[in-house]
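Going down the list, the protein sequences come from chains A and B.
First residue of the first sequence? That's 1 in the working numbering, and the numbers climb one at a time after it.
First residue of the second sequence? That's 1 in the working numbering, and the numbers climb one at a time after it.
Using N, Cα and C, we set each Cβ at its ideal position, and we do this for glycine too.
Since this is a predicted model, take the numbers as computed values, not measurements.
Number of protein chains: 2
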Amino acid sequence: MERIYQETAGKLKALSDPKRLKIVDMLSCGEMCACVILESFHITQPTLSHDMRVLLEAGLVRDRREGKNTYYSLNREALDALRAVLGQMFQDKPDCICRLAEQACREGKEGEQGHDRST
Amino acid sequence: MERIYQETAGKLKALSDPKRLKIVDMLSCGEMCACVILESFHITQPTLSHDMRVLLEAGLVRDRREGKNTYYSLNREALDALRAVLGQMFQDKPDCICRLAEQACREGKEGEQGHDRST
DNA sequence: CAAACATATTGACAAACTTCTATTCGACCC
DNA sequence: GGGTCGAATAGAAGTTTGTCAATATGTTTG
Chain A
1 MERIYQETAG
11 KLKALSDPKR
21 LKIVDMLSCG
31 EMCACVILES
41 FHITQPTLSH
51 DMRVLLEAGL
61 VRDRREGKNT
71 YYSLNREALD
81 ALRAVLGQMF
91 QDKPDCICRL
101 AEQACREGKE
111 GEQGHDRST
Chain B
1 MERIYQETAG
11 KLKALSDPKR
21 LKIVDMLSCG
31 EMCACVILES
41 FHITQPTLSH
51 DMRVLLEAGL
61 VRDRREGKNT
71 YYSLNREALD
81 ALRAVLGQMF
91 QDKPDCICRL
101 AEQACREGKE
111 GEQGHDRST
């Protein structure tokens, strides 16, 4: 139940950098060589390599070696799934976590024991 | 042009924490008192206060004082807008930034000058 | 094989983030 | 007014992140 927050937060963290967001945008219409991506930024090659690794480890992009070059592309399923999860979290819904919390709170006011204090 | 990455990344960063993501989920069906939110976590009150401020400053939630209590609620427009921006960035589109980059790259191969090296 | 090239890895350092304790602020109640 | 309660702020410690220079790895080419 809590794992979804952990995983989703991890993916959002990978995207929470203007550079990486722009990279995703650049990849959105097809795969691209690292060297081309690099030319769009004022960063060194190791920095780009690090950023690509962050996106890879979050599962948001894929890589493909071809000779000397590395080509990156979006993992569209993962990105769409991420957006779907966010939609779920932002929207009202009958089994919302908040109702459980409110219920626990009411029970707490009466009995004062056993809240679900999971992180 | 680059500002959208900066702003979007900032909002994603606010959401890139499991706690804050869970808080947004909790608020998704209505406003909630800080004291109730606090009961759902193993954190101190100042920590929650800090997290709520992060969400507030990102423009993702609103606050309302009522006597001693503070009630928080989602800024649904901002959250929906965020999701829409992500949709744009994840999807293919004819005026995609990647095409501009590729074009700049091709021109560079021929003339070797004047790339758009904006961050 | 040696040189050149595209990436990845390592190590270092500063900036930013997370979380806590202690304290302050504001509102309510006797 | 003094005490209490909920929340915000300040300050500090520990952790993580972003970035670079230097170096290593792997691939192609002469």
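- In the DSSP assignment, SER49 (chain B) falls outside any beta strand (DSSP E) and lies within the alpha helix (DSSP H) extending over 45-57.
- Non-local C-beta neighbours of LEU74 (chain B) in its own chain, meaning closer than 8 Å and more than five positions away in sequence, comprise VAL24, LEU27, SER28, LEU60, VAL61, ARG62, ordered along the chain.
- Between the alpha carbons of SER16 (chain B) and THR47 (chain B) lies a distance of about 16 Å.
- Under the 10 Å beta carbon count, ARG20 (chain B) is surrounded by 16 or more other beta carbons and is classified as buried.
- Each of A:MET32, A:ILE4, A:GLN91, A:ASP51 was checked against the Cα of ALA14 (chain A), and the nearest Cα belongs to A:ASP51.
- Between LYS11 (chain A) and ARG76 (chain A), the alpha-carbon positions lie close to 13 Å from each other.
- The beta-carbon of THR8 (chain B) is placed less than 7 Å from the nearest beta-carbon of chain A.
- Under the three-state reduction of DSSP output, ASP25 (chain B) falls in the helix class.
- Taking CB atoms only, ASP51 (chain B) has no neighbour in chain A less than 7 Å away.
- Here SER40 (chain A) is buried: its Cβ has 16 or more other Cβ atoms, across all protein chains shown, within 10 Å.
- Under the DSSP assignment, ASP80 (chain A) falls in the alpha helix (DSSP H) whose first and last residues are 76-90.
- From the listed residues A:LEU79, A:LEU56, A:TYR72, A:ALA81, the smallest Cα separation to GLU31 (chain A) is found for A:TYR72.
- Within chain B, PRO18, LEU21, LYS22 have C-beta atoms less than 7 Å from the C-beta of TYR5 (chain A), given in sequence order.
- The three-state reading of DSSP puts GLU7 (chain B) in helix, counting H, G and I together.
- In this chain, GLU2 (chain B) is not harboured by any beta strand (DSSP E), its DSSP state being neither H nor E.
- Here THR44 (chain A) is exposed, its C-beta having fewer than 16 other C-beta atoms within 10 Å.
- Less than 7 Å separates the beta-carbon of LEU86 (chain A) from that of ARG83 (chain B).
- The Cβ-Cβ distance between THR8 (chain A) and ALA34 (chain A) does not fall below 7 Å.
- Residue contact check for GLN45 (chain B) against chain A: no CB pair falls below 7 Å.
- Shown here for GLU57 (chain B): same chain residues with a beta carbon closer than 8 Å to its own, the five before and five after excluded, namely ALA14 in chain order.
- For the pair LEU79 (chain B) and PHE90 (chain A), the CB atoms are nearer than the 7 Å cut-off.
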